[in-house]
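In the working numbering, the protein residues as written are 179 to 467.
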Ligand SMILES: Cc1cc2nc3c(=O)[nH]c(=O)nc-3n(C[C@H](O)[C@H](O)[C@H](O)COP(=O)(O)OP(=O)(O)OC[C@H]3O[C@@H](n4cnc5c(N)ncnc54)[C@H](O)[C@@H]3O)c2cc1C
């Protein structure tokens with residue numbers, strides 16, 4: 179994929195911001211707005227990889243992969259670049275892995291307007307400094323992603339939600355082998371199991387689960403990050419992702435207590451990548467929102 183036009187639009191001076199589908203990032207004031215290229219470049223189901231422009235909608239990519247019985251671990255609704263820049267995982271993180279593991283290679287445009295390649299096209303090709311993982315969750319403050327190679331996974335033959343109101347979530351996590359998702363609202367636990375239908379039914383029965391209509395509705399006001407031990411002291415309406423540390427809460431997340439050393443490290447990384455602070459000015463990667 180030719181990134182020259184994208185790199186030219188970004189240039190090498192002045193404030194600039196990149197937008198995907200706009201589900202998360204508001205426009206950064208007084209900055210030139212650019213968009214990454216869109217579209218699937220190639221799809222290699224046998225290698226379990228796909229290459230696409232960063233502005234490709236995740237849902238479009240998911241539909242193309244589904245035709246080959248595959249899927250990608252990115253949250254739906256926005257673009258591939260936006261999902262990677264935000265770095266949020268879906269409630270399937272327990273089974274499918276975090277969003278950051280989906281990115282094998284990124285071609286991005288740096289603050290000096292240069293095209294940079296990070297990572298490699300194969301799963302094994304991870305050596306040296308792992309720039310891809312740094313880009314994921316960096317909210318477009320270190321570089322603007324133009325094209326990516328993503329790792330794909332086979333779609334499960336069968337997916338089914340189960341629930342229980344009598345088994346403690348920690349006990350359930352111990353009883354189940356790699357559930358795709360395990361949610362708990364303080365009273366009821368829900369588990370998403372995937373695999374061969376017979377295996378799914380057997381695993382659910384062995385763990386003491388009964389079939390459920392689906393997952394509970396997730397409160398959307400706050401997405402809290404907590405230590406597993408803190409889940410017991412939660413109040414209000416919430417749904418916790420057991421084994422992950424994420425809680426969907428009816429209240430906004432409390433202000434994050436970021437250690438000064440972490441703030442300083444974050445500032446230095448940003449300065450090294452973007453000395454003039456021109457990429458997504460004003461965006462704070464440590465902001466919990
Ligand atoms: C309705 C809805 C609401 C959501 N709300 C939230 C929420 O509150 N918080 C949250 O974390 N997630 C939220 N998500 C989840 C989701 O992870 C992201 O918001 C979404 O994937 C971002 O994709 P986008 O294309 O809309 O990105 P945008 O909203 O367009 O951009 C998000 C951020 O990513 C940067 N970015 C976009 N493209 C690139 C690129 N190519 N290279 C580098 N940086 C880039 C932008 O500059 C911006 O800072 C929401 C999703 C939906 C559908």
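Quick reminder that beta carbons are idealized off the backbone N, C-alpha and C, glycines included.
Since the structure is predicted, the reported quantities are computational estimates derived from the model, not experimental observations.
1) Mind checking whether the beta-carbon of residue 200 lies closer than 7 Å to any heavy atom of ligand 1?
2) In three-state DSSP terms, what is residue 370?
3) So, residue 325 versus residue 219, is the Cβ gap smaller than 8 Å?
4) Closer than 7 Å by C-beta to residue 459: which residues in its own chain qualify, once you throw out the five before and the five after it? Chain order, please.
5) List the endpoints of the continuous alpha helix (DSSP H) containing residue 241.
6) Under 7 Å from any heavy atom of ligand 1, does the C-beta of residue 215 make it?
7) In chain order, what residues of the same chain lie with their CB nearer than 6 Å to the CB of residue 409, ignoring the 5 residues before and after it?
8) For residue 280, which residues in the same chain have their Cβ closer than 8 Å to its Cβ, ignoring the five residues on either side in sequence?
9) Could you compute how far the alpha carbon of residue 369 sits from the alpha carbon of residue 234?
10) Do residue 412 and residue 420 have their beta-carbon atoms positioned less than 8 Å apart in this structure?
11) Should residue 323 and residue 232 be called a contact, given that it needs their Cβ atoms to be closer than 8 Å?
12) Taking Cβ to Cβ, would you say residue 468 is nearer than 8 Å to residue 331?
13) For the beta strand (DSSP E) containing residue 323, list its first residue and its last residue.
14) Which residue comes first and which comes last in the beta strand (DSSP E) that contains residue 221?
15) Please say whether residue 454 and residue 289 have beta carbons closer to each other than 8 Å?
16) What does DSSP give as the partner residue(s) for residue 360 in the beta ladder?
17) So residue 187 is in the alpha helix (DSSP H); what residue range does that whole segment cover?
18) Use the C-beta contact count for residue 365: other C-beta atoms within 10 angstroms, 16 or more gives buried, fewer gives exposed.
19) Taking only the alpha-carbon atoms, compute the straight-line gap between residue 312 and residue 321 and give it to the nearest angstrom.
20) How about residue 444 and residue 461: are their beta carbons less than 8 Å apart?
21) Tell me the DSSP secondary structure of residue 231 in three-state form.
22) Counting only the same chain and skipping the five closest in sequence on each side, list residues whose C-beta sits under 7 Å from that of residue 400.
23) Which word fits residue 442, buried or exposed, when buried means at least 16 other C-beta atoms lie within 10 angstroms of its C-beta?
Looking at the atomic coordinates:
1) Distances between the C-beta of residue 200 and the heavy atoms of ligand 1 include at least one below 7 Å.
2) If DSSP states are grouped into helix, strand and coil, residue 370 belongs with the strands.
3) Taking a C-beta distance under 8 Å as the contact criterion, residue 325 and residue 219 qualify as a contact pair.
4) Excluding positions up to five away in sequence, the list reads 193, 206, 209.
5) Residues 236-244.
6) No, since every heavy atom of ligand 1 falls outside the 7 Å radius drawn around the Cβ of residue 215.
7) The residues are 418.
8) Cβ within range, chain order: 250, 251, 252, 262, 328, 329.
9) Straight-line Cα distance between these residues: approximately 31 Å.
10) Not in contact: residue 420 and residue 412 (Cβ atoms no closer than 8 Å).
11) Cβ distance < 8 Å, so residue 323 and residue 232 count as in contact.
12) Absent from the structure is residue 468, since the part of the chain shown begins at 179 and ends at 467.
13) Looking at the DSSP string, the run of the beta strand (DSSP E) that includes residue 323 is 322-329.
14) In the DSSP assignment, residue 221 falls within the unbroken beta strand (DSSP E) covering 218-222.
15) With contacts defined as CB atoms closer than 8 Å, residue 289 and residue 454 qualify as a contacting pair.
16) Beta-bridge pairing by DSSP links residue 360 to 369.
17) Per DSSP, residue 187 belongs to the alpha helix (DSSP H) from 182-188.
18) By the 16-neighbour rule on beta-carbons within 10 angstroms, residue 365 is exposed.
19) Cα to Cα, residue 312 sits roughly 10 Å from residue 321.
20) Contact: no.
21) In the structure shown, residue 231 adopts extended strand secondary structure according to DSSP, grouped into three states.
22) The beta carbon of residue 400 sits closer than 7 Å to the beta carbons of 427, 429, 430, 431 from its chain, once the five residues preceding and following it are set aside; these are given in chain order.
23) Flag for residue 442 reads exposed.
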